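Engineer: Quick one: the structure is below, and I'll ask about it shortly.
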Amino acid sequence: MKIAVAGASGRAGSRITAELASRGHQVTGIARNPDKIEKHANVTAVKGDANDRAALARLWAGHDVAISSIHFSASDAETLIGAAKDSGVSRYLVVGGAGSLEVAPGVPLVTTPGFPAAYKAEAEKGAAFLARLRQDKELDWTFLSPSAMIDFGARTAKFRLGTDQLLVDPDGKSFITFEDFAVAMADEIERPAHRRARFTVGY
Numbered sequence: 001m002k003i004a005v006a007g008a009s010g011r012a013g014s015r016i017t018a019e020l021a022s023r024g025h026q027v028t029g030i031a032r033n034p035d036k037i038e039k040h041a042n043v044t045a046v047k048g049d050a051n052d053r054a055a056l057a058r059l060w061a062g063h064d065v066a067i068s069s070i071h072f073s074a075s076d077a078e079t080l081i082g083a084a085k086d087s088g089v090s091r092y093l094v095v096g097g098a099g100s101l102e103v104a105p106g107v108p109l110v111t112t113p114g115f116p117a118a119y120k121a122e123a124e125k126g127a128a129f130l131a132r133l134r135q136d137k138e139l140d141w142t143f144l145s146p147s148a149m150i151d152f153g154a155r156t157a158k159f160r161l162g163t164d165q166l167l168v169d170p171d172g173k174s175f176i177t178f179e180d181f182a183v184a185m186a187d188e189i190e191r192p193a194h195r196r197a198r199f200t201v202g203y
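So in the UniProt record's numbering, spot 200 of the sequence shown is number 200, and the numbers just go up one at a time.
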């Protein structure tokens, strides 16, 4: 497939771009500084601004799938969703956050006492982004939330999937690597199972 990734130089975006390219997809990596995008035979690096709706729509046009891997606090939901719709792509996937996942019925992680204050604004904007997607009647979207903790590590391709509830292992840890997060997103692109829905990945 032809897949465009906005934010391809970032932590999640770089792993998603690499995973998709390794599977033989033709990836357009979009970043403010395309020189920071890792080189790969199946990756074309281009300069783009995720806050310019018309320009981003042009970059996404002609692709089968568009992916947003952009910090919610540094972007605008209407701009990104509008660009996806304007571009005419068949599917739109979003790198989400864990803050909107529920730790109990009706209790999002972001509202719990121990949630780090430094991440609260980003988490709240992520939750608002998801709510905005759920209101849309036209776009074929998918929102993938990581576990509470995400960092670089091994690509195991062995993990659990969930929907709106935070995944926690038997030791009480909620974790996923960027590498396995990318596997889950690539799998979803190749074998759609969560259309117009949010899902999550964790060990």
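Ideal placement from N, C-alpha and C gives every residue a C-beta, glycine not left out. Predicted model only: the values in this text are computed from it and were never measured.
#1: Quick check: what's the CA-CA separation for Arg15 versus Asn51?
#2: At the level of alpha carbons, what is the spacing between Ser147 and Leu101?
#3: Would Arg23 and Phe178 be called neighbours here (beta carbons separated by less than 7 Å)?
#4: For Phe72, does the count of other Cβ atoms within 10 angstroms reach 16, so buried, or fall short, so exposed?
#5: What's the call for Phe152, buried or exposed, on a 16-neighbour Cβ count within 10 Å?
#6: Can at least three beta-carbon pairs, one atom from the stretch 104–117 and one from the stretch 75–92, be found at a separation below 8 Å?
#7: Where Lys120 and Met149 are concerned, what is the direct C-alpha to C-alpha distance, given to the nearest angstrom?
#8: Can you tell which of Lys158, Lys2 and Gly7 has the C-alpha that lies nearest to the C-alpha of Ile63?
#9: Among the residues of its own chain, which have a CB less than 7 Å from the CB of His194, if the five just before and after it don't count?
#10: May I ask you to list the residues that DSSP assigns as paired with Val5?
#11: Bridge partners for Arg91 per DSSP, in chain order?
#12: Return helix, strand or coil for Val43, following the three-state DSSP convention.
#13: Straight-line CA distance for Lys39 to Gly172?
#14: Does the distance from the CB of Phe159 to the CB of Val95 come in under 7 Å?
#15: Just to confirm the assignment: which complete alpha helix (DSSP H) runs, minimum length 4, are found wholly within the stretch 106–184?
#16: Is the Cβ-Cβ distance between Ile30 and Ala54 less than 7 Å?
#17: So, helix, strand or coil for Arg198, using DSSP?
#18: So what's Glu188 in DSSP terms, helix, strand or just coil?
#19: When DSSP labels each residue in this structure, what does Glu38 get in the three-state scheme?
Structural biologist: The relevant details are as follows:
#1: 22 Å
#2: 9 Å
#3: no
#4: buried
#5: exposed
#6: no
#7: 14 Å
#8: The question names Ile, but residue 63 in the sequence shown is His. Cα-wise, what sits closest to His63 is Lys2.
#9: Thr142 and Glu188
#10: Gly29 and Ile67
#11: Val65
#12: strand
#13: 38 Å
#14: no
#15: 120–135
#16: no
#17: strand
#18: helix
#19: coil
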